[in-house]
Amino acid sequence: MAYRKLGRETRHRRSMLSNMTRELISKERIVTTETRAKEVRKSFDKMVTYGKKGTLVSRRLALAFLENDKKAVEKVFNELAPRYKDRNGGYTRIIKMTERKGDNALEVILELV
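All residue numbers for the sequence shown refer to the working numbering, where the first residue is 734 and numbers rise by one.
See the structure below:
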């Protein structure tokens, strides 16, 4: 499986992706860099897939990834999974914005479809 390291150690990267995925679930729209958005999209798609399965195992896997945030897991299983039940992937869209002033990184809006 190919993934981006994002210039972080493993623990920091996993924590960052978990936090960004939780923010996307709760706010349904975040502003971040393009490379981070592409990685968060993968983890969010996995969470929605868990929600569509609806089993106890998938709920526990989602809880483990989202660091026991029960509100986020409830939203995935009760609101987002039914919303995307007829859709096979592609739950998010990336809208490109401008470059960030400090380091010239391309900023994007990552939002739910």
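Cβ atoms here follow ideal geometry from the backbone N, Cα and C, with glycine treated the same way.
If you look at LYS834, you'll find it isn't in any alpha helix (DSSP H); DSSP assigns it neither H nor E. Remark: C-beta atoms of THR766 and GLU844 do not approach each other more closely than 8 Å.
THR754 carries a helical assignment under DSSP once its states are collapsed to helix, strand and coil. With a minimum length of 4 residues, the unbroken runs of alpha helix (DSSP H) contained wholly in the stretch 782–841 fall at 789–798 and 803–808. Cβ contact annotation for THR768 (same chain, cutoff 7 Å, sequence separation greater than five): ARG737 and LEU739, in chain order. Non-local beta-carbon contacts of ASP778 in its own chain, meaning distances under 7 Å to residues more than five positions away in sequence, involve GLY822 and TYR824 in chain order.
Contact between MET753 and VAL773 holds, since their C-beta atoms are separated by about 5 Å, short of 8 Å. In this structure, SER751 and LEU799 form a Cβ contact; the two beta carbons are roughly 6 Å apart against a cut-off of 8 Å. The C-alpha of ARG792 is placed about 7 Å away from the C-alpha of TYR783. In its chain, beyond the 5 residues on either side, GLU840 have a beta carbon closer than 6 Å to the beta carbon of ARG833.
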